[in-house]
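Residue numbers (full-length UniProt numbering): 1 to 1114.
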């Protein structure tokens, strides 16, 4: 059994990766693959590592199985990548718990655990991240020396591969360089030849890829070679190879010493662990800082580029040969096509038989997973170097020269026949490399782009890629994989873009084969070449989702975001990631972190804010939830929604948290945001009422009344004003005991809603209690408009008018109760005392301005103004139409009466009434044969036909009522009803008038023809001042809401006519009787009668009687 124990830090509190965390992800993804065959176990960073390891190893020891048995690990790899710390005594601690950065696990204690258990072969692979120290350029060397002392110095059976470097904040979104290099060597290893930890270290050093990146690293071999592959050569062969490699290195050290080359210490002694420390911190000089532990005989500190130093040319050609220095078997040499070939300088430290070229059939191309034999032209190595000259230089190993370039290759899309198989078991399918490249903006080469490669001895890459695409189309995925690996083999290391694309193709094939873990590893290789390669970054996310590898998914997402620079794109991806963590992984904490990072980009995004609010509330983060809810309210633009947010927040503070002051502030802000929302005010009122803080409540109401003017809707503004004023009145009446202020508040409410009967009656009671009887009478007069048949209201009015010494109005109230049949004794007495005999004796005529008292208060004033502006023109147009069509009535001039000479009562009454009302009398034509009362005639002059109904059997009050009512239709715009008597005709007239000012006004189809025809006639007749009047009237009509109720306007004319006739007759009973007899108008008789009742007790009726000289004086 092969066991890998992984100790890396947990995520930071903000879900970012701590130093070393991503290294652990890479190790966990690579070691379980088939070639290495490790079973990985994660150690808990929050617990003592030594204690965990002791428990794990004790479980295997307790089984009592012999070493090498399947139940006992034959090889254990302990991997750690974390921040480290040195004690004052130089002891190294692994600080793997970010939550407790000051606490660490002593590396010596961990090594002691392995020493206490028979564990087989053990490798410590440790990457140390230490704080940067500009004052100490040898910090990394000090850390490495401490690690060596803790492990190899105390437990020489344990192999140690260690690297140290300052914490790299600039590349915190990707695995560390040393761990990446280690995994690359695993990927490039040959299963047939095997791979040991010592060989990996040698290859990394020979490639010089970490020069300037990792300041110091070291290797110390313990009990034999540590095999990194689960299969391949046996342990004896690997031990032999490693011994040869170490002996060669020892020979090189001896030659360097013989030539005076300063390597910093002596070579390893026979039988002791072989160890090499390389450091880039001292630029070729040995790392020996003051206070650092000195290198002992078991480990020589050797500069990284010692064998390349110029001092090597001084070496003696007759350097003694050590007994253990012999050349390795050339058949075991690996040709590294992905990296630089392993240097053979250490293999010829003393005269040895010249190396022979490897058998071409034995050459292996080290690629992704398994070796691929490459057939191609046979390549012979150059002859071995001659014996060393006085100026020593190591002879080169086998070299291969490439022929001149034959073709340039660039990435091209896959063959058209290539198809992507559907994912198994619901997994997502891999995007083609061309699609991924297009999605990543592949037309613009990313950093790392290199020129097209030269041709290779093994064939051009394009040929292998084309063949691979063909095999994919045929369904031969294994064959395609082989071809892609061949293409990878012929590409140089500098061709980063091309190599990354090939790795993506290999990953796609692995994905199709449902070998997702290997696909992930292939994508990782592409990213090691070009970290910002978008297709690989995106594919890793999808693959980890399919694998439900949440830790890998998080690492993939972070790497992807690290290379997304546009804020809008970062925002969208963070929202996508957050939603996935919330729904798929059910990880609310990680989802919350992504939403918070998205909020940092768009602080005012309402979707993000509302989502975070839910997270905070679920987690019980009260302060965060309140702050977020307040921000939601602040950024909400629509006033009613903003007010609702503040109201809900205030209610939450009051009901759930019992924080009244903060809750009241939020409610006040809600009222400020939208004064039409009264729910916050109700809550505030309840709070102040419970506290009995009436002054504060009054202030709150008055502040709200001040905000009412900001409400845009007139109807809503009226409703809010009514409610606020009513509440303020109740406060003054019930709690502040201020009836005067209460009356003022209720009257303000009535201004907003005059038809509120309960408020009217309340105002009456308060006015009485305040001694304001005149105000009580006025409100009662308004109440009878709403309830004209309520006799109790007239009783109260009679009483008030009596107290106010207004006998005329008291008599008017008694007139109504008498007509209702509910009069009281005092009322009957007053009524009978002042009841006129016949028509009143008028002493004065009515002024033109006094007609306002006869017009109902609720008439459509804006409509009246528009119609008044075109009345004369519209009548002329109707006469012209009738004349043109021959339908104009022809009146018999013999029946026309002279009002100055006629003795007929109706004719004389017309003259009297016209004079009294201040209007011109129409021409009267008598028609005794006509069974009618009075009828207006459309003629070229105002005319009326008096029929049999008014010629006989009528009293003077009767005639006064009928004539007064008829004359009303000869006043102002009322005259239109004589020429346009129906509502449809009147509507056509009105729309024609408006269209003169607003030609685009919509007209109903049923009225359009008549309205357009009349508009043409009006256009020529309405000019000059009349046109100006019309424009002003239309503008006022639009400002009033552009709503025309012509039926209501015509009904108001009918009520005005009844009032005029009643005023002239002076007898309510006569008016009521004649109205009931004449039921041909728009209004029902009872509606007109009710209006007369209210008009009788109104101040307007009293003013008219006073002006005409018929009012009863005190």
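Beta carbons: idealized from backbone N, C-alpha and C, even for Gly.
Being a predicted model, the structure only gives us computed values, none of them experimental.
Under a Cβ-count criterion, where at least 16 other Cβ atoms within 10 Å of its own Cβ denotes burial, should residue i be classed as buried or exposed?
i: residue 504; result: buried
i: residue 548; result: exposed
i: residue 890; result: exposed
i: residue 280; result: Reliability fails at residue 280, whose pLDDT of 42 lies under 50, so the model's placement of it is uncertain and the value that follows must be treated cautiously. Result: buried.
i: residue 1015; result: buried
i: residue 169; result: exposed
i: residue 1004; result: exposed
i: residue 574; result: buried
i: residue 699; result: exposed
i: residue 757; result: exposed
i: residue 686; result: exposed
i: residue 260; result: Only weak support is given to the placement of residue 260: the predicted model assigns it a pLDDT of 46, under 50, and the question is left unresolved by the model.
i: residue 102; result: exposed
i: residue 829; result: exposed
What is the rounded straight-line gap between the Cα of residue i and the Cα of residue j?
i: residue 423; j: residue 535; result: Low confidence applies here, because residue 423 scores a pLDDT of 38, under 50, leaving its location unreliable; read the following figure in that light. Cα-Cα distance, rounded: 18 Å.
i: residue 468; j: residue 155; result: 50 Å
i: residue 223; j: residue 117; result: 14 Å
i: residue 1079; j: residue 1054; result: 11 Å
i: residue 484; j: residue 476; result: 12 Å
i: residue 866; j: residue 991; result: 10 Å
i: residue 726; j: residue 747; result: 9 Å
i: residue 619; j: residue 610; result: 14 Å
i: residue 789; j: residue 1050; result: 23 Å
i: residue 134; j: residue 144; result: 18 Å
i: residue 1118; j: residue 493; result: Outside the displayed span of the chain (1 to 1114) sits residue 1118, for which this structure offers no information.
i: residue 167; j: residue 55; result: 31 Å
i: residue 1106; j: residue 849; result: 14 Å
i: residue 593; j: residue 10; result: 16 Å
i: residue 711; j: residue 940; result: 52 Å
i: residue 1064; j: residue 1103; result: 14 Å
i: residue 416; j: residue 474; result: Caution is warranted here: a pLDDT of 35 is assigned to residue 416, below 50, making its placement in the model unreliable, and the coordinate value is therefore given only provisionally. Taking the straight line joining both Cα atoms gives about 12 Å.
i: residue 200; j: residue 234; result: 17 Å
i: residue 740; j: residue 693; result: 20 Å
So the alpha helix (DSSP H) residue i belongs to, where does it begin and stop?
i: residue 1053; result: 1046-1065
i: residue 1106; result: 1099-1108
i: residue 464; result: 461-474
i: residue 1140; result: Outside the modelled stretch of the chain, which goes from 1 to 1114, sits residue 1140, for which no answer is possible.
i: residue 885; result: 861-885
i: residue 801; result: 791-803
i: residue 541; result: 534-547
By Cβ distance, which residues of its chain are closer than 6 Å to residue i, with the 5 residues on each side in sequence left out?
i: residue 238; result: 194, 196, 225, 227
i: residue 7; result: 43, 49, 80, 96
i: residue 479; result: 471
i: residue 662; result: 653
i: residue 151; result: 111, 124, 158, 160
i: residue 964; result: 913, 1060, 1061, 1064
Could you pull out every residue in the same chain whose Cβ sits closer than 7 Å to the Cβ of residue i, ignoring the five residues on either side in sequence?
i: residue 522; result: 368, 503, 506, 507, 510
i: residue 905; result: 959
i: residue 669; result: 646
i: residue 25; result: 551, 552, 555
So residue i is in the beta strand (DSSP E); what residue range does that whole segment cover?
i: residue 946; result: 943-946
i: residue 124; result: 121-130
Below 8 Å CB to CB, which residues in the same chain sit around residue i once its five sequence neighbours on both sides are set aside?
i: residue 976; result: 867, 871, 874, 875, 986, 989
- Message: I want to know whether the stretch 550-563 touches the stretch 13-25 - three or more CB-CB distances under 8 Å.
- Response: Contact between the stretch 550-563 and the stretch 13-25 is present: three or more C-beta pairs spanning the two stretches fall below 8 Å.
- Message: Check whether the stretch 851-869 and the stretch 1036-1046 are in contact - that is, three or more C-beta pairs closer than 8 Å.
- Response: In short, these stretches touch, since the Cβ pair count reaches three.
- Inter-stretch contact at 8 Å, needing at least 3 Cβ pairs: the stretch 870-878 / the stretch 1017-1027: Yes, since at least three Cβ pairs between the stretch 870-878 and the stretch 1017-1027 fall closer than 8 Å, the two stretches touch.
- Task: Please confirm if the stretch 79-87 is in contact with the stretch 122-132, defined as three or more CB-CB distances below 8 Å between the two stretches.
- Result: Taking 8 Å as the limit for Cβ pairs, the verdict is that the stretch 122-132 does touch the stretch 79-87.
- Query: For the stretch 177-192 against the stretch 18-37, are there 3 or more C-beta pairs whose distance is under 8 Å?
  - Reply: Output reads yes: the stretch 18-37 touches the stretch 177-192.
- Within the chosen definition, does the stretch 752-769 reach the stretch 1051-1070 through at least 3 CB pairs nearer than 8 Å? With the rule of 3 Cβ pairs closer than 8 Å, the stretch 752-769 does not count as touching the stretch 1051-1070.
- Query: Between the stretch 797-817 and the stretch 767-774, are three or more C-beta pairs nearer than 8 Å?
  - Reply: With three or more CB-CB distances shorter than 8 Å, the stretch 797-817 counts as touching the stretch 767-774.
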